[in-house]
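The structure appears below as structure tokens.
Numbering (this note's numbering), first residue to last: 871 to 995.
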């Protein structure tokens, strides 16, 4: 999918932000989305505070958010393998549709306690 095709596909569609990051990272994510056939655009997030650094949102259709999440997870796993932080034999954990996602720090899949992991205490909300 080309950027022009993505603009056309999203022109009259409802869009939601799926990520917020620096411009270079947002462009890379949009390029990855387009390569997978997911229409996506970079949008400048408006912040009225003078101390805010520029942030950009990646906009997609609501039905494409889960595909982008999967793409981000795959890119993360690829970077872990590239850096030698994930053994070749280890595969990423599947996130259950109806359960709790695992904690990114310790891997515990349990309900949060006051917004934090119930095992290691990492604040997630």
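Glycine included, C-beta positions come from ideal geometry on N, C-alpha and C.
*In whole angstroms, what is the alpha-carbon distance linking residue 983 and residue 878?*
Here residue 983 refers to the residue found at position 113 of the chain shown. Here residue 878 refers to the residue found at position 8 of the chain shown. Each residue's Cα considered, the two are about 44 Å apart.
*Measure the alpha-carbon distance for residue 901 versus residue 926 and round it to whole angstroms.*
If you number the chain shown from 1, residue 901 lands on position 31. If you number the chain shown from 1, residue 926 lands on position 56. Near 14 Å, if we compare the C-alpha coordinates of residue 926 and residue 901.
*Determine the direct distance from the alpha carbon of residue 882 to that of residue 932, and round the result to whole angstroms.*
Taking the first residue of the chain shown as 1, we reach residue 932 at position 62. Taking the first residue of the chain shown as 1, we reach residue 882 at position 12. Answer to the nearest angstrom: the Cα atoms are 13 Å apart.
*Sheet register partners of residue 994 (DSSP bridge)*: Locating residue 994 in the chain shown gives position 124, where the first residue counts as 1. Per DSSP, residue 994 has no beta bridge partner at all.
*Inspect the beta-carbon positions of residue 938 and residue 908 and report whether they are closer than 8 Å.*
Start at 1 with the first residue of the chain shown, and residue 938 comes out as number 68. Start at 1 with the first residue of the chain shown, and residue 908 comes out as number 38. Yes; because the gap between Cβ atoms is below 8 Å, this pair is in contact.
*Could you tell me which residues DSSP pairs with residue 942 in its beta bridges?*
Position 72 of the chain shown, counted from the start, is the residue given in the question as residue 942. Looking at the DSSP assignment, residue 942 forms no beta bridge with any residue, so it has no partner.
*Roughly how many whole angstroms lie between the Cα atoms of residue 976 and residue 885?*
Residue 976 sits at position 106 when you count from the first residue of the chain shown. Residue 885 sits at position 15 when you count from the first residue of the chain shown. Linking residue 976 to residue 885 through their CA atoms gives a straight-line distance of about 33 Å.
*Just curious, the beta strand (DSSP E) that residue 904 is in, first and last residue?*
Counting from 1 along the chain shown, the entry for residue 904 is found at position 34. First-last for residue 904: 893-905, but that is the alpha helix (DSSP H), not the beta strand (DSSP E).
*For residue 886, the three-state DSSP class (helix, strand or coil)*: Here residue 886 corresponds to residue number 16 of the chain shown, with the count starting at 1. DSSP places residue 886 in the strand class (E or B) of the three-state scheme.
*If we call anything under 8 Å between Cβ atoms a contact, is residue 924 one with residue 893?*
Along the chain shown, read from residue 1 onward, the residue named residue 924 stands at position 54. Along the chain shown, read from residue 1 onward, the residue named residue 893 stands at position 23. The Cβ atoms of residue 924 and residue 893 sit closer than 8 Å to each other.
*Is residue 934 buried or exposed, if buried means 16 or more other CB atoms sit within 10 Å of its CB?*
Reading the chain shown from its first residue, position 64 is the one you call residue 934. Flag for residue 934 reads buried.
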